[in-house]
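All residue numbers for the sequence shown refer to full-length UniProt numbering, where the first residue is 1 and numbers rise by one.
Backbone N, C-alpha and C fix where the C-beta goes; we use that ideal spot for every residue, glycine too.
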Amino acid sequence: MDIEDFSHVRCHRHVLEKQTHVNQGDAPEQHTFTMTWETHCTDQIFWDCLWGLGLPFSWSFTVEDATPTAKYTEDNEKVVSLDRYIYVKKREVVEVPPRTRAIASLVVFWHHAAAVPFTAIIEKVKSNGDMQVLYESGAWKGLAYRDVHIKVRLEKLGRSCTAM
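Printed below as a string of structure tokens:
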């Protein structure tokens with residue numbers, strides 16, 4: 001499969017989850033943030049024309065950090081929907097200074113409806129033994145993402161006043 005240019009896919013920053021740890025003590029302490037991103041999404045494969053092979057096949061490819069699958073069905077469907085499961089787990093160990101709050105954000109750059117054209121290259125063996133190469137155009141549309149990471153921000157705790 002020849003993936004055509006996907007540089008036009010623009011991923012936007014999104015915060016998936018936040019966690020906070022507060023060190024109210026007088027000494028620095030280490031804290032481990034563990035965060036996961038788990039989701040199901042539906043990709044679609046659009047074929048420009050049907051080739052009538054009557055045989056199913058599929059293959060995986062990469063768009064940014066996503067690994068979707070393209071599929072052609074034995075039913076010769078022009079639009080094929082495929083469910084995809086994404087699971088990413090990240091850990092970040094942080095040293096939190098005294099009287100400081102650590103705020104961790106699980107960040108991803110994503111595009112929910114990215115569209116990427118491709119050309120499938122199919123080698124078909126004819127009944128007489130000759131090899132025929134087919135070039136079939138299509139497009140993938142789905143969730144593209146990259147750079148899932150934990151970003152930590154440290155904030156000094158405010159001093160509290162005691163009321164008289």
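Residues Phe33 and Ala104 of the same chain have their beta carbon placed closer than 6 Å to that of Gln19, with the five preceding and five following residues left out of the count. Per the Cβ contact rule, the stretch 126-139 is not in contact with the stretch 25-41 (fewer than 3 Cβ pairs under 8 Å). Going by C-alpha positions, Ile150 is about 20 Å away from Pro28. Boundaries cannot be given for Asp75, as no beta strand (DSSP E) includes it and DSSP labels it neither H nor E. Runs of the alpha helix (DSSP H) lying entirely within the stretch 63-138 and spanning at least 4 residues: none are present. Rounded to the nearest angstrom, the gap between the Cα atoms of Glu95 and Asp26 is 13 Å.
For Asp43, the uninterrupted beta strand (DSSP E) segment begins and ends at Glu29 to Trp47. By the beta-carbon neighbour count (other beta carbons within 10 angstroms, threshold 16), Thr62 is exposed.
Within a 10 Å sphere around the beta-carbon of Phe57 sit fewer than 16 other beta-carbons, which makes this residue exposed. In the three-state scheme derived from DSSP, where H, G and I count as helix and E and B as strand, Asp26 is classed as coil.
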